[in-house]
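Chemist: This is the structure I want to talk about, given as structure tokens.
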Amino acid sequence: MKIRPSAPLDLEPLSAIRPILDALPFPVLWIDGDYVVRFRNAAAQRTYGAAPGSCHELTHGFSRPCDEHGELCPMADVTREQAPVSVCHAHVTGERSVSLHQVIAVPVKGGGILESQIGLDDLVSEDGLTRVFGRGFFVRIVERELALLERLGEPYAFLLVDVDEFKGINDAHGHDVGDEVLREIADALRTNLRKSDAAGRWGGDELALFLPSLARADAVALSERRLAAIRRLSIPSPTGRVEPRVSGGLYWSEHVYDLKSAFHAADRALYAAKRAGGDRVVTAPVDARPRRAS
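Going left to right, the sequence shown walks through residues 1363 to 1656 as this note's numbering numbers them.
Following this line, the structure appears as structure tokens:
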């Protein structure tokens, strides 16, 4: 997204504005016309470390500029238009986890850009009921992370969860209690997630977790811990306490980097869990060709 033209920033001497940049809670990089990072603020050092290098090496692990890898690179547009540019990027942090950033780049006097990288966790698009990501925002995050995970050769897991007998809860206790059940389950699912993980409401009483760079055994163990936490829930209502249960379908892969395929495989595993009586997680076969449940 292009913004109206503005005068290039004068970053010399840098010492005059460094305290301001260091006080910002998000990474800021000064990048010259050769893609070399000439300055990083304190937040950028915490996120990416202090090793010298190019912006594409630092934030993506690329040996060449981002646009040669299919990512939008703001440098060319900013240089040509002499105007700020905003793009969405998936970045690799110092722990080699993946996170989505809104990158805002402005021109710098003498060439290059000053780039602010605002983590989209700070611009949350939440589902109003459950306080996890709404489906559209969740899908956007996951698709961008999958593209980067594929380039890195990293695995991921996708967990789809559905509340058992949810209609019965609504019928017996009322929709307000049903809403509270969904909120409590969403809270249990997202507790202690890593910054690179994402929780979203897929629709209705279905919730999802996206877990990048996680071994299969760890993904299975995490899923079982989440179900155990949900089993401990006891939600008061005027008609008695509700102790909800959920079924889950888990898909893990290190080869198939497609959200639609991951969802279809997790969906089939979820329905297998339902058919087996619910209150359990079923794990899809590793990289089985996904097929939508009938």
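C-beta atoms are modelled at their ideal positions from N, C-alpha and C, and glycine is treated no differently. Computed from a predicted model, the values in this text were never measured in an experiment.
Kindly indicate which residue of 1619, 1639, 1610, 1600 has the alpha-carbon position closest to the one of residue 1630.
Modeler: Checked all of 1619, 1639, 1610, 1600; the closest Cα to residue 1630 is 1610.
Chemist: Quick one: what does DSSP say residue 1518 is sitting in, helix, strand or coil?
Modeler: In the structure shown, residue 1518 sits in a strand (DSSP, three-state: E or B).
Chemist: Going by DSSP in three states, residue 1619 sits in which element: helix, strand or coil?
Modeler: In the structure shown, residue 1619 sits in coil (DSSP, three-state: anything other than H, G, I, E or B).
Chemist: Reducing DSSP to helix, strand and coil, say where residue 1444 ends up.
Modeler: Residue state, collapsed to three classes: coil.
Chemist: Only counting the same chain, and skipping five residues up and downstream in sequence, which positions put a Cβ closer than 7 angstroms to that of residue 1515?
Modeler: Excluding residues within five positions, none has a Cβ falling inside 7 angstroms.
Chemist: Suppose the cutoff is 6 angstroms on Cβ atoms and the five residues either side in sequence are ignored; what does the same chain contact list for residue 1394 look like?
Modeler: Hits under 6 angstroms: 1400, 1474.
Chemist: Could you pull the start and end residues of the beta strand (DSSP E) that residue 1477 belongs to?
Modeler: Start and end: 1475 to 1481.
Chemist: So who's on the other strand from residue 1628, going by DSSP bridges?
Modeler: Per DSSP, none; premise fails for residue 1628.
Chemist: Exposed or buried, what is residue 1496 when buried is set at 16 or more other beta-carbons lying within 10 Å of its beta-carbon?
Modeler: With 16 or more Cβ atoms within 10 Å of its Cβ, residue 1496 is classed as buried.
Chemist: How big is the Cα-Cα spacing for residue 1642 and residue 1603?
Modeler: Each residue's Cα considered, the two are about 21 angstroms apart.
Chemist: Applying the criterion that 16 or more other CB atoms from any shown protein chain within 10 Å of the CB defines a buried residue, is residue 1498 buried or exposed?
Modeler: Under this definition residue 1498 is an exposed residue.
Chemist: Output the residue ranges of the alpha helix (DSSP H) runs that lie fully inside the stretch 1371 to 1443 and measure 4 residues or longer, sorted by chain position.
Modeler: Listed in chain order, the complete alpha helix (DSSP H) runs (minimum 4 residues) inside the stretch 1371 to 1443 are 1380 to 1385, 1404 to 1410, 1417 to 1422, 1436 to 1443.
Chemist: Considering only C-alpha positions, which residue in the set 1461, 1482, 1453, 1439 is nearest to residue 1469?
Modeler: Among 1461, 1482, 1453, 1439, the Cα nearest to that of residue 1469 belongs to 1439.
Chemist: Count the other CB atoms within 10 Å of the CB of residue 1458; is the residue buried (16 or more) or exposed (fewer)?
Modeler: With a pLDDT of 49 at residue 1458, under the threshold of 50, the modelled position of that residue is not reliable, and the figure given next carries that caveat. The residue is exposed, with fewer than 16 neighbouring Cβ atoms inside 10 Å.
Chemist: Report yes or no: do the stretch 1552 to 1562 and the stretch 1531 to 1540 share at least 3 C-beta pairs separated by less than 8 angstroms?
Modeler: As far as the Cβ criterion goes, the stretch 1552 to 1562 does not touch the stretch 1531 to 1540, which means the pair count is below three.
Chemist: Return yes when the Cβ of residue 1608 is within less than 7 angstroms of the Cβ of residue 1494, no when it is not.
Modeler: No.
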